[in-house]
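Below: one structure, written as structure tokens.
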Amino acid sequence: MKGIRKVFIVAIFVPLLTSCWSRTEVNDVAMVLGVALDRGEHGKIRLALQIAIPKALGGATAAQSSGGPKSTIMVSAEGENIMEAYRIIQGKLPREIFFAHSRVIIVGQKLARDGVSPVLDFFSRHRQSHLRSYLLFTKGNALDVLKTAPQLEPVIAEQIREQEKTGVGLQVPLREFLKRMLTEGEEPAAARISPLPLEANTSENETEGSTASQSTPSLNGTAVFQDDRLIGWLNLKETRGVLWLRNELKSGILTVTTSTEKKGGKVGVQIIKGSTNIKPIFYNDTVKIRVETYGTVEVFENTSTLDLSEPKAINTLQSLLEQNIEKRIHLTLDRIQKKFKSDIFGFGQAVYRTDSKKWENKYKKRWSEIFPYLEVEVTSHITVSGTGFSTESLSIPETKK
Numbered sequence: 000m001k002g003i004r005k006v007f008i009v010a011i012f013v014p015l016l017t018s019c020w021s022r023t024e025v026n027d028v029a030m031v032l033g034v035a036l037d038r039g040e041h042g043k044i045r046l047a048l049q050i051a052i053p054k055a056l057g058g059a060t061a062a063q064s065s066g067g068p069k070s071t072i073m074v075s076a077e078g079e080n081i082m083e084a085y086r087i088i089q090g091k092l093p094r095e096i097f098f099a100h101s102r103v104i105i106v107g108q109k110l111a112r113d114g115v116s117p118v119l120d121f122f123s124r125h126r127q128s129h130l131r132s133y134l135l136f137t138k139g140n141a142l143d144v145l146k147t148a149p150q151l152e153p154v155i156a157e158q159i160r161e162q163e164k165t166g167v168g169l170q171v172p173l174r175e176f177l178k179r180m181l182t183e184g185e186e187p188a189a190a191r192i193s194p195l196p197l198e199a200n201t202s203e204n205e206t207e208g209s210t211a212s213q214s215t216p217s218l219n220g221t222a223v224f225q226d227d228r229l230i231g232w233l234n235l236k237e238t239r240g241v242l243w244l245r246n247e248l249k250s251g252i253l254t255v256t257t258s259t260e261k262k263g264g265k266v267g268v269q270i271i272k273g274s275t276n277i278k279p280i281f282y283n284d285t286v287k288i289r290v291e292t293y294g295t296v297e298v299f300e301n302t303s304t305l306d307l308s309e310p311k312a313i314n315t316l317q318s319l320l321e322q323n324i325e326k327r328i329h330l331t332l333d334r335i336q337k338k339f340k341s342d343i344f345g346f347g348q349a350v351y352r353t354d355s356k357k358w359e360n361k362y363k364k365r366w367s368e369i370f371p372y373l374e375v376e377v378t379s380h381i382t383v384s385g386t387g388f389s390t391e392s393l394s395i396p397e398t399k400k
């Protein structure tokens, strides 16, 4: 009888355990794919949401190219804070706003310069908030970026997320930005995004902020912060140095000019692996940072007279690449230390991890004064792992081959 009673009890409670009493049906939610935040009129915050239209998403690319129904809608509102703007938007929609599928959060320059803590506080607390959403910043209005027509993906938010995954710029999820903002000895930074023309027929300054159909959002730099405030921008070249120093470089292209001929031939390589080691060195009452970078590259183009079948030519190329990387890193360091004075590389954290007592007693309170004058020693190590199908350059005369 006891066995039968146990079976009977299990039969009653199992269906209850498998039910989802708090679930929300897909047909009842408005799925947010992208978020744009700007400083609106009269100092208010403008919240814009890119919301999916489920019935159109299946064939979004074909539908949009043929003038069919759109796959997303944009809804926006202004409020004293995000919560107020959010409630206004909710009043415009027949479905519950659902943030869990958000791909990107884009913040405009005016709002970012005022401080992003109040903005990010909402997303860090909201129960549906996706802390893995990529956080990006733009010089213009974030809304303009999110309204740009997609080119290769069904929706622009998805296209931006795919760009982030390529490793062209900084990949900073909301969670990581918040962590760096709250950690002593480092400052946050994130990717800069702007609509740029698909064709290279105009300059960046003339087209940035354009919302024309021939433009596409592009990662073209870095937003530099001090505490929670945006203090400036780095270009693409300087961003490459940031990636090296933060040990976040996944891939990239390097082109060096040789001095073996009058015109100066060029060799182009692709970085297939990169890593960086940062080590604080203590001496007397001061500290310096030793940076060692390691990279593996493959040659993709050679218009110089270097014969890469010869070990001596390979050594020459490796030396040129190492000098190029060291110069690029020093260029970035010089700008960050002298102009922005913001430790976005986490050198302070490296000091703390190496010797927490010295950090607490000597450097912690004075780090903002120490960092701008911190000595940084950079050494690069590059290995050429492949030269393609041909080791010789087409620029080498036949008589020398």
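According to numbering that gives the first Met the number 0, the sequence shown holds residues 0 to 400 in order.
Glycine included, every Cβ here is placed at the ideal spot set by N, Cα and C.
Task: Coil, strand or helix - N301 by DSSP - done: In this structure, N301 counts as strand in the three-state DSSP scheme.
TODO: Grab the span of the beta strand (DSSP E) containing G104 for me, first residue to last.
DONE: Here the sequence assigns Ile to residue 104, which means Gly is not the residue at that position. For I104, the enclosing beta strand (DSSP E) starts and ends at 103-107.
TODO: State the beta-bridge partners of F121 as determined by DSSP.
DONE: F121 pairs with nothing; no bridge assigned.
Open item on the list: Quick check on N323: does DSSP put it in helix, strand or coil?
Closed with: DSSP places N323 in helix when its eight states are reduced to three.
- [ ] Report all residues from its chain with a CB closer than 8 Å to the CB of T405; omit the five preceding and five following residues, and keep chain order.
- [x] The requested residue 405 is not part of the displayed model; the chain covers only 0 to 400.
Task: Proximity to Q363 [Cα-Cα], best of L36, T182, T292, V241 - done: The sequence given here places Lys at residue 363; Gln does not occur at that position. K363 has its Cα closest to that of T182, out of L36, T182, T292, V241.
Task: Beta carbon of G187 nearer than 8 Å to that of F224 - done: It should be noted that the sequence gives Pro, not Gly, for residue 187. Yes, these two residues count as a Cβ contact at 8 Å.
- [ ] Enumerate in chain order the residues of its own chain whose CB-to-CB distance from Y351 is below 6 Å, with the five nearest sequence positions on each side excluded.
- [x] Around Y351, the same chain offers G184, W358 as residues with beta carbons nearer than 6 Å, after the five sequence neighbours per side are excluded.
TODO: Run the CB neighbour count on T378, radius 10 Å, all protein chains shown included, and call it buried at 16 or more, exposed below.
DONE: It is exposed - the Cβ of T378 has fewer than 16 other Cβ atoms within 10 Å.
TODO: Report the three-state DSSP secondary structure of S384 (helix, strand or coil).
DONE: Residue state for S384 is assigned as strand, using DSSP reduced to three classes.
Open item on the list: Restricting to Cα atoms, I'd like to know which of P279, P310, V298 is closest to S355.
Closed with: If we check each option's Cα against that of S355, P279 comes out closest.
Open item on the list: Taking its Cβ as the centre, do 16 or more other Cβ atoms sit within 10 Å of S318, making it buried, or is it exposed?
Closed with: Residue environment: S318 is assigned as exposed (fewer than 16 neighbouring CB atoms within 10 Å of its CB, all protein chains considered).
Task: Expected contact under 8 Å - CB spacing of G33 and L145 to nearest Å - done: Distance from G33 to L145 at the Cβ level is roughly 5 Å; contact confirmed, criterion being Cβ atoms closer than 8 Å.
TODO: Closer than 6 Å by C-beta to S430: which residues in its own chain qualify, once you throw out the five before and the five after it? Chain order, please.
DONE: Residue 430 cannot be examined here, being either before or after the span of the chain that is shown, 0 to 400.
Open item on the list: Excluding the 5 residues flanking L420 on each side, which residues of the same chain have their C-beta closer than 7 Å to its C-beta?
Closed with: What the structure shows of the chain is the stretch from 0 to 400, and residue 420 is not part of that stretch, so it cannot be assessed.
TODO: For L330, write down the residues that DSSP places opposite it in a beta bridge.
DONE: L330 is not bridged to any residue.
Open item on the list: Once the 5 residues before and after E321 are set aside, which same chain residues still bring their CB inside 6 Å of it?
Closed with: So the qualifying residues of the chain are S379, I381.
TODO: Compute the distance between the beta-carbons of L48 and I96, then report whether it is under 8 Å.
DONE: Remark: C-beta atoms of L48 and I96 approach each other more closely than 8 Å.
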